[in-house]
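In the order they appear, the protein sequences are chains P and C.
Numbers 1 to 244, taken from the numbering used here, label the letters of the first sequence in order.
Numbers 1001 to 1203, taken from the numbering used here, label the letters of the second sequence in order.
Data first, discussion second: the structure below is written as structure tokens.
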Amino acid sequence: MTTASTDGARSHARSQASEASMRVPPLPDGVDGTRLVWAEAVPAESYASRVLGRGTRLRLSDPDGGACAHLLLFRADASWERLNVADTMKVPWQAYLGVGHPLLSDQGRLLATVVADSSGHHDLLCGLPPAGQPTMLLAAIKHGMDVRDVAPSATLFKGVRVEDSGALTFTGSAGPGAAVDLLIHLPVVVAVVNTAHPLDPQPAVTDLDIVAWRADEELTTPVNTDPEYLRALFNTESTWAAAQ
Amino acid sequence: MILDEIVAARAPWSTILRAGQSLQIIDLKGNQAVDTLFYAVTGDTVDPAGRYSAQATIAAQRNIFLTTGSVLRAADGRPLVTIVADEVGNHDTIAGACSKESNTLRYGHHTVHQHACAENFLAEAAKWGMGKRDIVSNVNFFMNVPVEADGTLGIVDGLSAPGKSLTVRADTDTLVLVSNCPQINNPCNGFDPTPVRMVITAP
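Spelled out as structure tokens, the structure:
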């Protein structure tokens, strides 16, 4: 097929999609296909971002065991309010992510809650490696932000543990098939970079799968009854209600 | 000696530390958290990509505690300052700064109008042309935050004592932004915020 003319170049361009194959993460069991809002496989060293509404359930999964999802969250309508990893550890008195863990903004509100987790290998301490920073910056720039917005991030599917001395032990991956579900409480920009954990001695990053669907009914049932969480929920719900 | 100043209890403070200069922070009364951020500067202009990164610092040294020898880095890995002397043993950089908003979660909504480090940081950062987006997870000198085996962490009684100090030396020209922590709801200031002394010396 010649591409010497616009006609040929157009035919060539248009023929490509039908001849290509592209893996799309499957719809999770039990999820009505009409509720699906996002399904994307993110290859190693790439990134994805999306605006997600309140009441979205976001599933990040590691089908092949090598994914490493570095995650930032921003209020979609006020991006200067964003994930604060320090408050996300300090407020719930817990450094390790797990079911019920709030992902808190710097304004004492819930951006998301971990509502399912079959991995248990996560990290809020080490963040992106220096080589991954420019990739996250691209995601931020596409939402009107800049380097100031590339704040400390959460990392899913690669874990660390803290020894009494403060030293970190890299615990790697939980293996293929692990997934983490986040319930989104306020409209957010989600930015995810799939790249190595900075302490991974032999990074071999594989696809990160993203699937998201409407789950508004889940907002009415708190998955955590700690007083700090319930006050964060109050701050979140009252802020949302006031802005309607 | 280039500078010798007292930072009042609960107050913000900032200065530019030129490459090679040392800043000694003296915990005059003991157990006073000194929340601190660092930003690389060219002249007096802040480089927004050169701000302190707690995560890059922790990952590079593979340890959450800061003490002598710790290199405090920006997100791209460049060194900003190095801790060259420490009479306490370890300092926190995972627990961040207190804020009015997080106080409502941690202690209840009755604390929302108490002064907080985030307020100090925002007010002092504005003097250098910075805003809310420039504020990130900071260092808490003299604050003690252990992480237990199951991940439980918390601010517990400090390891510092009256007169103990810590010294950083600038690896590059660096803005030092400080909130002398006003928190009264946990042991980070012994429930009684007190002044600290800042001494800058030339190499």
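Note that CB positions come from ideal geometry on N, CA and C, so glycine has one too.
How far does the alpha helix (DSSP H) with residue i in it extend, from its first residue to its last?
i, result
"residue 238 of chain P", "227 to 243"
"residue 12 of chain P", "6 to 19"
"residue 140 of chain P", "133 to 141"
"residue 207 of chain P", "That residue, residue 207 of chain P, is in no alpha helix (DSSP H); it is neither H nor E in DSSP."
"residue 179 of chain P", "No alpha helix (DSSP H) contains residue 179 of chain P, which is instead part of the beta strand (DSSP E) from 178 to 184."
"residue 1061 of chain C", "1054 to 1061"
Find the residues of chain P that neighbour residue i, judging by a C-beta separation of less than 7 Å, and give them in chain order.
i, result
"residue 1055 of chain C", "125, 126, 127 and 152"
"residue 1062 of chain C", "167, 168 and 199"
"residue 1132 of chain C", "80"
"residue 1137 of chain C", "85, 86 and 152"
"residue 1096 of chain C", "84, 86, 87 and 90"
So is the beta-carbon of residue i under 8 Å away from any non-hydrogen atom of the ligand ADP?
i, result
"residue 205 of chain P", "With respect to small molecules bound, the structure shown includes none, and the ligand ADP cannot be examined in it."
Using 9 Å as the limit for Cβ to Cβ distance, is residue i near chain C?
i, result
"residue 96 of chain P", "yes"
"residue 1 of chain P", "no"
"residue 104 of chain P", "yes"
"residue 216 of chain P", "no"
"residue 231 of chain P", "yes"
"residue 117 of chain P", "no"
"residue 77 of chain P", "no"
"residue 93 of chain P", "yes"
"residue 89 of chain P", "yes"
"residue 247 of chain P", "The structure shown does not extend to residue 247 of chain P, since chain P is modelled only from 1 through 244, so no value can be given for it."
"residue 22 of chain P", "no"
"residue 228 of chain P", "yes"
Taking the alpha-carbon positions, what's the residue i to residue j distance?
i, j, result
"residue 8 of chain P", "residue 15 of chain P", "11 Å"
"residue 67 of chain P", "residue 26 of chain P", "17 Å"
"residue 197 of chain P", "residue 59 of chain P", "20 Å"
"residue 110 of chain P", "residue 226 of chain P", "14 Å"
"residue 1166 of chain C", "residue 1092 of chain C", "13 Å"
"residue 230 of chain P", "residue 1150 of chain C", "22 Å"
"residue 1168 of chain C", "residue 168 of chain P", "23 Å"
"residue 1051 of chain C", "residue 87 of chain P", "19 Å"
"residue 1111 of chain C", "residue 1037 of chain C", "24 Å"
"residue 1064 of chain C", "residue 1016 of chain C", "26 Å"
"residue 41 of chain P", "residue 188 of chain P", "20 Å"
"residue 1026 of chain C", "residue 1032 of chain C", "10 Å"
"residue 1180 of chain C", "residue 216 of chain P", "43 Å"
"residue 1195 of chain C", "residue 1008 of chain C", "5 Å"
"residue 163 of chain P", "residue 1148 of chain C", "8 Å"
"residue 1100 of chain C", "residue 97 of chain P", "24 Å"
"residue 219 of chain P", "residue 185 of chain P", "7 Å"
"residue 1139 of chain C", "residue 1098 of chain C", "12 Å"
"residue 120 of chain P", "residue 159 of chain P", "8 Å"
"residue 150 of chain P", "residue 1193 of chain C", "32 Å"
"residue 1158 of chain C", "residue 1089 of chain C", "11 Å"
"residue 1030 of chain C", "residue 1160 of chain C", "6 Å"
Let me see if you follow: with CB-CB separation under 9 Å, is residue i close to chain P or not?
i, result
"residue 1090 of chain C", "yes"
"residue 1173 of chain C", "no"
"residue 1014 of chain C", "no"
"residue 1147 of chain C", "yes"
"residue 1105 of chain C", "yes"
"residue 1151 of chain C", "yes"
"residue 1129 of chain C", "no"
"residue 1059 of chain C", "yes"
"residue 1118 of chain C", "yes"
Determine the extent of the beta strand (DSSP E) in which residue i is found, giving its start and end residues.
i, result
"residue 1198 of chain C", "1196 to 1201"
"residue 171 of chain P", "168 to 172"
"residue 1127 of chain C", "It is not in any beta strand (DSSP E) - residue 1127 of chain C carries neither H nor E in the DSSP assignment."
"residue 1014 of chain C", "1012 to 1017"
"residue 81 of chain P", "78 to 82"
"residue 1102 of chain C", "First-last for residue 1102 of chain C: 1100 to 1106, but that is the alpha helix (DSSP H), not the beta strand (DSSP E)."
What residues from chain C crowd round residue i, counting only those whose CB sits closer than 9 Å?
i, result
"residue 187 of chain P", "None at all; the shortest Cβ gap to chain C is about 18 Å."
"residue 107 of chain P", "1099, 1101 and 1102"
Along chain C, in chain order, which residues have C-beta atoms closer than 8 Å to that of residue i?
i, result
"residue 130 of chain P", "1056, 1075, 1076 and 1077"
"residue 133 of chain P", "1075 and 1076"
Under 7 Å between beta-carbons, which chain C residues line up against residue i? List them in chain order, please.
i, result
"residue 148 of chain P", "1048, 1133 and 1134"
"residue 162 of chain P", "1064 and 1147"
What does residue i touch in chain P if you count any residue whose Cβ is under 8 Å from its own?
i, result
"residue 1202 of chain C", "Per Cβ cutoff of 8 Å: no residues; residue 1202 of chain C is ~31 Å from chain P at best."
"residue 1191 of chain C", "Result: empty, since nearest Cβ-Cβ is about 18 Å, beyond 8 Å."
"residue 1011 of chain C", "Ordered by position in chain P, no residue passes the 8 Å Cβ test against residue 1011 of chain C, which lies about 22 Å from the chain."
Can you list, in chain order, the residues of the region 1153 to 1169 of chain C whose Cβ is nearer than 9 Å to any Cβ on chain P? Within the region 1153 to 1169 of chain C, the residues whose Cβ lies closer than 9 Å to some Cβ of chain P are 1153, 1154 and 1155, listed in chain order.
Positions along the region 1019 to 1035 of chain C whose CB lies within less than 8 Å of some CB in chain P: For the region 1019 to 1035 of chain C, the set of positions with a beta-carbon nearer than 8 Å to some beta-carbon of chain P is empty.
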